[in-house]
Structures are given as structure tokens and as C-alpha cells.
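Below is one structure, written out as C-alpha cells, with a few remarks after it.
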Amino acid sequence: MRQLGEILTESFGLKEEALGAALKVQAEKGGRLGRILVQQKKISEDELLQAVSMQYGLEIRMSLPLNPSPFFTDKVPISFLRKFKMMPVATPNESFIALSDPIYFQQLDDLQRVLHLEGSKTCLAPVDEIMVAINMAYDRHSKGATDQVLQDINEDDPEAILSAIEETADLLDDTSDAPVIKLVNLILSQAAREGASDIHIEPYKDKVKIRKRVDGILYDMLTPPKHVQAKLVSRVKIMAKMDIAERRLPQDGRIEIRIADKNIDLRVSSLPTAFGERIVMRLLDKSNVLLSLEQLGMAPKDLATLLKLIKAPHGIILVTGPTGSGKTTSLYSALTVLNTSDVNIITVEDPIEYQINGISQMQVNSKIDLTFANGLRTIVRQDPDIILVGEIRDMETAEMAIQAALTGHLVFSTLHTNDAASAITRLIDMGVEPFLVSSSVNAIMAQRLVRRICSHCREAYTPTREYIEKLHLPWEEFHDATLYRGKGCEACLHTGYQGRQGIYELMVLSEHIKSLMLSTSDAGQIKRSAVADAEHPMTTLRQDGLRKVLEGKTTLEEVFRVA
48 MRQLGEILTE SFGLKEEALG AALKVQAEKG GRLGRILVQQ KKISEDELLQ
98 AVSMQYGLEI RMSLPLNPSP FFTDKVPISF LRKFKMMPVA TPNESFIALS
148 DPIYFQQLDD LQRVLHLEGS KTCLAPVDEI MVAINMAYDR HSKGATDQVL
198 QDINEDDPEA ILSAIEETAD LLDDTSDAPV IKLVNLILSQ AAREGASDIH
248 IEPYKDKVKI RKRVDGILYD MLTPPKHVQA KLVSRVKIMA KMDIAERRLP
298 QDGRIEIRIA DKNIDLRVSS LPTAFGERIV MRLLDKSNVL LSLEQLGMAP
348 KDLATLLKLI KAPHGIILVT GPTGSGKTTS LYSALTVLNT SDVNIITVED
398 PIEYQINGIS QMQVNSKIDL TFANGLRTIV RQDPDIILVG EIRDMETAEM
448 AIQAALTGHL VFSTLHTNDA ASAITRLIDM GVEPFLVSSS VNAIMAQRLV
498 RRICSHCREA YTPTREYIEK LHLPWEEFHD ATLYRGKGCE ACLHTGYQGR
548 QGIYELMVLS EHIKSLMLST SDAGQIKRSA VADAEHPMTT LRQDGLRKVL
598 EGKTTLEEVF RVA
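Just so you know, the working numbering puts the end of the sequence shown at 610, numbered straight through with nothing missing.
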């Protein structure tokens, strides 16, 4: 059999130096040569797939059925298929096993034997296609299981949930017979598979509604009968180590679970309402890989400016936007650029969303009066070079952050304002003197998250003049534009969208804007000056959003929804 490196150099133009460098990395750190080359951006995913196809003589399937049959879900754990990136496919016309790397031939034999598919055809498929198909199959299976659990729950003993609360290592391995435990496990595993950020359990007069937030939008999951409510809420509170006897006061708790290959941290909040306790669970996937600054989707001009700003010796860089707009992700991406052995980075956060090697991270704890301000006061004595303050919520924290910036530290933080210019108004409203803001703040970045158009069902269309004018957009800019939208398919849960990306406005505080701040805190006037600034003209959130619409990444509706 020909070597992969030989095929890539002969048929795909890979240079010998690039191959040698990748082989060196493989010798030092291990791993698959093809994956290393893709990570180093020397070859594309498609080129790797074609080269492996030539190496093993296997057919390539660039797409898999969007509505896969879940015939294997009871016999094969989802973790097995995800680990070895294999997907059994059965249609009325054929059956085959799709895989992304033929090296796992032993596991392939095991899978064929378990499913009685010995001798079935084997095909290559892109990793993303395989993972989507696996998720869809187990999702269809869990919907049927949920219906069965809701039927079983009618006969469940109300006290049963209190006797079976021990956690297993992985929710998918939990074989508990208590229907309410099964129901909670199914809700959590389905939400995790679909990339949900929140789960809501909402009690009403005659029903309980369970909803999930995916890509920033709430969707209904299921509506169990009212008598399930007390058992469901008690089960979640037991998992979160909350007081199940206390139903009159709000409570907070935390659950750490494992679902297949994902470690998930859940922050649980309960709120007493007229019809019972309302529960919201925020899901933080610890296995999520941090994005680099280049992957955030900023315009090249703004990205270059931000890379210069984060390397300043001192000052404050603020990121603003509503809850869930990706502010923390942007700040972490900046910190990973600066995280070298010769700098001391300390953070104070609520909560710690990503754990990063080489950075000291401190969790706010209001129960023992460890606030952002008190944490920041301690951090300054720890000889830091760079400080991240999770959020500036009050004047005390704002003043401490400014003092830290004025005494030679680079400070990153977030604020809840609608745009970059409003952050200045907000700081002054808190009671911070304008001259202190102008002398300490280097830049303010506002951001929102818009949903990406689904790559599986993306289609082009030409907008009508009436539609463009209804949105108060200039027709001359859009009259010959080709825009895109998602038709809706199984892969995107028929929404037309899959995943999210940021839109940004970066306001650099030039000398002109700093002098303007000393005479006015009017956000509108500051914004107009920033857009017209000669040195660093600001692109607004809406302008950046429209640029991404014209690039075919998102839709006009999405941009106007968030900006």
C-alpha cells in the first residue's frame, strides 16, 4: 500500500518541507499525519479524504442521508461511533458503513459483527457529515424513548425519585428504571447533542413546558403533564445539590455530568412562580475548543487593529453586548494570544467558563463576599501583567479596573451595553470621572451573535425591491446582490440555520474621541465621531452584519434581529 505522504506530494502538490515538518510533529507528539497536515492548513479536509480514498481504494460519499434510520441505537453506544467516527447507514436500496479513517479496521469488524452487517460495503465520508448523521439518528431514537418515559411516569411512585439519586459516570450509561430519572437524562442528552445553551422547565396552570435554547433561539422540547412537575423539579434539584424542601426562595446549584465524549457543567437556577418552581439550566460544554481570534469572524481591518491593541502595555479593553453574545469567548481568545511563559495573567470570573493552562482563574463567590471588586483588589497584589475582570457591574469595580490600568496593567472586561459608544455613557453614569475614562480605556468592542445559514440546505435568491425598502436599506447597494437563505432540513432542525458567528464594531479611543468625551457623554455624538474618525473609522454592528449577509454567511433577518 502506498504511503499517505507519497500520495499527497505526488497528486496534491504537498511540498516535501511541509511533509517533513508534519512527520517531525508526528514523531514528537504522535497523532495521524493527515490530521496534522489539516491542522497546519497544508491540505484541506477534502484533499485528505481523496488521498485516503486513493490509498485504500474506497468510494467517497460526500453526503449521508439527512434522516438516518436509528436501527443501531439500541445496540451500539453513541460514544463508540463518535470516538471511531463511523456511521452505519441503511436505506431501502443499500446498506453500508461510512467512516472517516480506515485505520480502525478492528473496531469496524466489531461494529459489523454486532449489527450483523458482515461483508457490507465500506465508504469514506467527511467527519462533519458522519457526526451530524450520528446525532440525528440518536436524536430520533431519544424522541421515541421520551414518549415512552412520559407514559411510564404516570405509574411512577412519587417517592421513587428520592431513592435513586446516585450519579453514573456517563448519562448515556445510566440504566435506572425510575421514569423521571430517565426523562431528565433524555432531556439533558438531547439538549447536549443539539448544542443547546440553556434548558427551561416552566410550570403553568395546567401543564409544564420544557424548552431549549439553540443558537440563541428558544424551541419547545416537550410538554409533560402537570403531575410530573414536582418529580421533575425535585430530580434536578437533587442532582444540583439544592434544598428540595425549600420551594419559596430562589436557589442556585451546579451539576457536572458526562454525556458520551462531552464533559458538561450545568449551572442551575430555580425561581418560585405562581404555579411552582421554574428551573433554568445553563449548559457549558467543557470539551469545547477555544476559538482563535482569527476564527471569530472579524473583518480583517478590525482584527489587525485588535491584535495591536491587546499587545499594549497598559489600559482597558472593554467588550460589550447583552448576555449570551459571546463576550467571554472573545476575551478568552485574546488571552490565549497573550498567554506566554513571560507574562502573569490572572482572572476573576463568574463563572469560570473555560479553564486555560497557564492562567490563574478565580471564581466570584457572593456567599463569602468574594465580589469582582474584592477579587480585583487582591489580584493587583499578585504582581499581574494582564487582568481579566468578568464584568464591571458597579462603580467600585470600575474604579479599581481603572486604577489597575493607570498603574501599568492591561485590563480586559465586559459591560452590558447596546453598542460601543454607550459603554462610555454607562461608565460615566456609574460615577466614574470622564477624564479617568479617557485616560484609561484604549478601545471598546461591541458584539452580537447571528445564526449561520445551514450549509446543507443553503440556497441563493434575489431580494425584491419592496423587501429591501421595507428594511430601510439602500436599493442601489442590493439591486444586483445575490443573497442566501436556508430552506430547512433535518440537519438544522428545519430552521435554515446551523451554528453562530459574531458581528462586531470596534471603537478605538483616538485623541479626537477622548477630547470629545470630556465635553459630552452623549452616545450618539460619540458614535458619529467614531464612524467619521480619520485614524480608525468604526464599522458599526449593522454594517458588519450586512457585510456578512453579502458574503452569504447569514441573513438580513438575523442581522436585524440582533442589531
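The C-beta atom is built at its ideal place from N, Cα and C for all residues, glycine as well. Given the structure is predicted, the values throughout are model-derived calculations rather than measurements.
With 16 other CB atoms within 10 Å as the buried threshold, where does P205 fall?
Sequence index remark: in the sequence shown, residue 205 carries index 158 (1-based). Residue placement at P205 cannot be trusted, given a pLDDT of 41 that sits under 50; the coordinates are not used to answer.
Pairing CB atoms from the stretch 435-443 with CB atoms from the stretch 337-350, are three or more of them under 8 Å?
no
Report the rounded CA-to-CA distance for L474 versus I107, giving the unit in angstroms.
As a working mapping, residue 474 is identified with position 427 in the sequence shown. As a working mapping, residue 107 is identified with position 60 in the sequence shown. Straight-line Cα distance between these residues: approximately 57 Å.
Simplified DSSP assignment, three categories, for E63:
As a first step, residue 63 must be located in the sequence shown, where it is residue number 16. E63: helix per DSSP, three-state reduction.
Which listed residue (D245, E558, P272 and K168) has its alpha carbon closest to that of L265
Working through the sequence shown from its first residue, we reach residue 265 at position 218. Measuring from the Cα of L265, the nearest candidate turns out to be D245.
Does the beta-carbon of T601 have 16 or more other beta-carbons within 10 angstroms, so that it is buried, or is it exposed?
Numbered from its first residue, the sequence shown carries residue 601 at position 554. T601 comes out buried.
Cβ contact check for the stretch 400-409 and the stretch 355-371: 3 or more pairs under 8 Å
no
Can you grab the Cα-Cα spacing for the pair D203 / A225, in whole Å?
Translated into positions along the sequence shown, residue 203 becomes position 156. Translated into positions along the sequence shown, residue 225 becomes position 178. Only weak support is given to the placement of D203: the predicted model assigns it a pLDDT of 48, under 50, and the value that follows is read from those uncertain coordinates. Taking the straight line from one Cα to the other gives about 7 Å.
Buried versus exposed, by CB contacts within 10 Å (16 or more), T215:
Here residue 215 refers to the residue found at position 168 of the sequence shown. With a pLDDT of only 44 at T215, under 50, the local geometry of the prediction cannot be trusted, and the value read off the model is given with reservation. T215 should be labelled exposed.
Please give the ranges of any beta strand (DSSP E) in the stretch 272-299, keeping only runs that are unbroken, at least 3 residues long and fully inside the region.
none
Can you name, in chain order, every residue of its own chain whose Cβ lies under 6 Å from the Cβ of A507, other than the five neighbours on each side?
For this step, residue 507 is matched to residue 460 along the sequence shown. So the qualifying residues of the chain are T529 and Y531.
List the endpoints of the continuous alpha helix (DSSP H) containing I234.
Here residue 234 is taken as the residue at index 187 of the sequence shown, counted from 1. I234 -> alpha helix (DSSP H) spans P226 to R240.
Classify F143 as buried or exposed, calling it buried when 16 or more other Cβ atoms lie within 10 Å of its own Cβ.
Residue mapping note: residue 143 aligns to position 96 of the sequence shown, counting from 1. Label assigned to F143: buried.
Taking only runs of the alpha helix (DSSP H) that begin and end inside the stretch 74-105, which ones reach a length of at least 4 residues, in chain order?
80-86 and 92-103
Given a threshold of 16 other Cβ atoms within 10 Å of its Cβ, counted over all protein chains shown, does T586 qualify as buried or as exposed?
Against the sequence shown, residue 586 aligns to sequence position 539. Result: buried.
Name, in chain order, the residues that DSSP records as bridge partners for V427.
By 1-based counting over the sequence shown, the position of residue 427 is 380. DSSP, once it has assigned bridges, lists no residue as partnering V427.
Cβ-Cβ separation, P149 to L84 (assumed contact under 8 Å), whole Å:
As a working mapping, residue 84 is identified with position 37 in the sequence shown. As a working mapping, residue 149 is identified with position 102 in the sequence shown. Actually they do not touch by this definition, with Cβ atoms about 17 Å apart.
If you draw a straight line from the alpha carbon of E94 to that of S236, how long is it in whole angstroms?
Locating residue 94 in the sequence shown gives position 47, counting from the first residue. Locating residue 236 in the sequence shown gives position 189, counting from the first residue. When rounded, the distance between both Cα atoms is 34 Å.
Would you give the residue range spanned by the beta strand (DSSP E) that G599 belongs to?
Along the sequence shown, read from residue 1 onward, the residue named residue 599 stands at position 552. Per DSSP, G599 belongs to no beta strand (DSSP E) and is neither H nor E.
Return helix, strand or coil for Y508, following the three-state DSSP convention.
Taking the sequence shown and counting its residues from 1, the one referred to as residue 508 is at position 461. Of the three classes helix, strand and coil, the one that applies to Y508 here is strand, per DSSP.
Hey, which unbroken runs of the alpha helix (DSSP H) at 4 residues or more fall wholly within the stretch 480-546?
481-487, 512-517 and 522-525
Return yes when the Cβ of L338 is within less than 8 Å of the Cβ of T376, no when it is not.
For the purposes of this step, residue 376 is taken as the residue at position 329 of the sequence shown. For the purposes of this step, residue 338 is taken as the residue at position 291 of the sequence shown. The answer is yes: Cβ separation under 8 Å.
Can you grab the Cα-Cα spacing for the pair E446 / I471, in whole Å?
The count along the sequence shown starts at 1 and reaches residue 446 at position 399. The count along the sequence shown starts at 1 and reaches residue 471 at position 424. So the alpha carbons of these two residues sit roughly 14 Å apart.
So the candidates are L354, Q408, A184 and K254; which of them puts its Cα closest to the Cα of S116?
Here residue 116 corresponds to residue number 69 of the sequence shown, with the count starting at 1. Comparing Cα-Cα distances from S116 to each of L354, Q408, A184 and K254, the minimum goes to A184.
In the DSSP assignment, find the unbroken alpha helix (DSSP H) run with H559 in it and report its ends.
Within the sequence shown, the letter at position 512 stands for residue 559. From DSSP, the alpha helix (DSSP H) with H559 extends over E558 to S566.
Checking 8 Å against the spacing of the C-beta atoms, do T169 and P250 come in under that value?
Locating residue 169 in the sequence shown gives position 122, where the first residue counts as 1. Locating residue 250 in the sequence shown gives position 203, where the first residue counts as 1. Against a cut-off of 8 Å, the Cβ pair of P250 and T169 comes out as no contact.
Start and end of the alpha helix (DSSP H) containing P250?
Counting from 1 along the sequence shown, the entry for residue 250 is found at position 203. No alpha helix (DSSP H) holds P250; the beta strand (DSSP E) holding it covers D245 to P250.
Does DSSP classify F607 as helix, strand or coil?
Indexing the sequence shown from 1 puts residue 607 at position 560. It is helical.
Consult DSSP for E214 and reduce its assignment to one of helix, strand or coil.
Start at 1 with the first residue of the sequence shown, and residue 214 comes out as number 167. For E214, the predicted structure reports a pLDDT of 45, less than 50, and the residue's modelled location is therefore unreliable. The matter cannot be settled from this model.
So, helix, strand or coil for N421, using DSSP?
Counting from one through the sequence shown, the residue named residue 421 turns up at place 374. Three-state DSSP puts N421 in a helix.
Taking the alpha carbon of V479 as the point to measure from, which residue in L565, S100 and D157 has its own alpha carbon closest?
As a position in the sequence shown, residue 479 is number 432, starting the count at 1. For the residues L565, S100 and D157, the minimum Cα distance to V479 belongs to L565.
M134 beta carbon less than 8 Å from that of L111:
Here residue 111 refers to the residue found at position 64 when the sequence shown is read from its first residue. Here residue 134 refers to the residue found at position 87 when the sequence shown is read from its first residue. Yes, the pair counts as a contact, with Cβ atoms nearer than the cut-off.
What residues in its chain sit with their C-beta under 6 Å from that of D432, if we drop five residues either side in the sequence?
Sequence index remark: in the sequence shown, residue 432 carries index 385 (1-based). V390 and N391.
Closer than 8 Å by C-beta to G437: which residues in its own chain qualify, once you throw out the five before and the five after it? Chain order, please.
Numbered from 1 along the sequence shown, position 390 holds the residue referred to as residue 437. Counting only Cβ-Cβ distances below 8 Å, and skipping sequence neighbours, we find T375, T394, V395, E396, D397, V411, F419, S460 and T461.
Sequence-distant residues of its chain with Cβ nearer than 8 Å to F59 (five each side left out)
Residue mapping note: residue 59 aligns to position 12 of the sequence shown, counting from 1. Cβ within range, chain order: I90, E94, Q97 and A98.
Which residues in the same chain have their Cβ closer than 6 Å to the Cβ of L55, if we skip the five residues on either side of it in sequence?
Position 8 of the sequence shown holds residue 55. So the qualifying residues of the chain are L61 and A98.
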